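Residue numbers (the numbering used here): -12 to 317.
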Ligand SMILES: [Mg+2]
């Protein structure tokens, strides 16, 4: 049996919604990753979260049974600091508008973290900090206006918590951008540096990126010219998938990371008709309908993949009713 992962030499994973959900591992994910490794594939965990140090991420992954270490965890903070240390001379001053662990990383890279515009920093680096204050944003804005280069680890607009969404790093960037104009250089997904750094560190020739968000993960994979697997264990679902445009479309879909070990969901597309492993979707009079009534999660995903091909080819098609019938897919 050929498996999806067979075409790749490495798999990169987003964390929240892919590997774990809050404090719990996604069902089946630990044994699936063990199997991916057993097949000789390189595994790397990739996270936009720049507030927590890589060691904290490593400890959390290990506590859930994922075998993480320095070599297979990459944070947007690490990517940002790696790039900045290449662009600035050793000893350059960086105003760190982010967490203490980000400042530590800056220091370890041979740069000097500072806190005020009066220190005349060469660069400003913004990153998520739950203890961010308005005076610190003032310093960042003043330093940029005085000519400092402007960088940010990532620009996630929001951060999911048990109580709901709260502002992410993108919120602090927007505040500064509203004051000084323009945009920083950003390293996290969906921007290219994050995944190209993952490729560089692993030496992978043909990696696949697995994510649960279209706007960061799938777009990020596309911008780094990587194939992607969209899993439905996290943020986005079928309604988000069908409306994606070119550059936002996953190469594969699956219920969760276990899809890497299953056969590829192949699809045949003709005029007004698409079929995926026996599930057939047709378009008539502007409406998409299924010729079958799939009852299991896997057959419903087959049907979704067929529907998706039709709508991607003709975004004017109405597939709402066909999607509503796929009651087991998020
Ligand atoms: Mg995620």
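We put the beta carbon where it would ideally sit given N, CA and C, even for glycine.
Nothing here was measured: the structure is a model prediction, and the numbers come from that model.
Check, Outcome
"Presumed contact (8 Å Cβ cut-off) between residue 31 and residue 53, rounded CB distance", "Wrong, their Cβ atoms sit about 12 Å apart, outside the cutoff."
"Contact test: residue 203 Cβ vs ligand 1 heavy atom, cutoff 8 Å", "yes"
"Endpoints, the beta strand (DSSP E) within which residue 266 is located", "266 to 271"
"Coil, strand or helix - residue 147 by DSSP", "strand"
"Residues surrounding ligand 1 [beta-carbon distance to nearest heavy atom under 7 Å]", "1, 2, 3, 4, 5, 198, 199, 200, 204, 221 and 222"
"Of the listed residues 122, 200, 239 and 263, nearest to residue 222 (C-alpha basis)", "200"
"Reference residue 281; option with closest CA among 271, 264, 270 and 232", "264"
"Residue from 50, 256 and 95 with nearest C-alpha to residue 71", "95"
"Alpha-carbon to alpha-carbon, residue 98 and residue 296", "49 Å"
"Residue 247, DSSP secondary structure in three states", "helix"
"Burial state of residue 107, where buried means 16 or more other Cβ atoms lie within 10 Å", "exposed"
"Contiguous beta strand (DSSP E) assignments of at least 3 residues, all confined to the region 204 to 241", "214 to 218 and 239 to 241"
"Proximal residues to residue 79 (C-beta, below 6 Å), its chain only, five neighbours per side dropped", "98 and 109"
"Cβ shell of residue 115 (< 8 Å), same chain only, five flanking positions each side left out", "36, 37, 38, 85, 86, 140, 141, 143, 146, 155, 156 and 159"
"Backbone secondary structure at residue 259 - three-state DSSP", "coil"
"Residue 225, buried or exposed, once every other Cβ within 10 Å from all chains shown has been counted against 16", "buried"
"Given residue 44 as reference, the closest of 65, 312 and 192 once Cα atoms are compared", "65"
"Cβ pair count under 8 Å reaching 3, the region 301 to 308 against the region 260 to 276", "yes"
"Residue from 162, 20 and 285 with nearest C-alpha to residue 250", "285"
"Assigned secondary structure, residue 10 (DSSP; H/G/I helix, E/B strand, else coil)", "coil"
"Residue 262 versus residue 178 - alpha carbon distance", "34 Å"
"Limits of the beta strand (DSSP E) - the one that residue 317 falls within", "It is not in any beta strand (DSSP E) - residue 317 carries neither H nor E in the DSSP assignment."
"Per DSSP, the bridge partner or partners of residue -2", "30 and 195"
"Same chain only: Cβ atoms within 7 Å of residue 166, ignoring 5 sequence neighbours per side", "128"
"Residues bridged to residue 153 (per DSSP)", "146"
"As assigned by DSSP and simplified to three states, the class of residue 252", "coil"
"For residue 102, three-class secondary structure by DSSP", "coil"
"Residue burial classification, residue 29 (beta-carbon count within 10 angstroms, cutoff 16)", "buried"
"Pair within 9 Å by beta-carbon distance, residue 245 and residue 15", "yes"
"Unbroken beta strand (DSSP E) run spanning residue 276, endpoints", "274 to 277"
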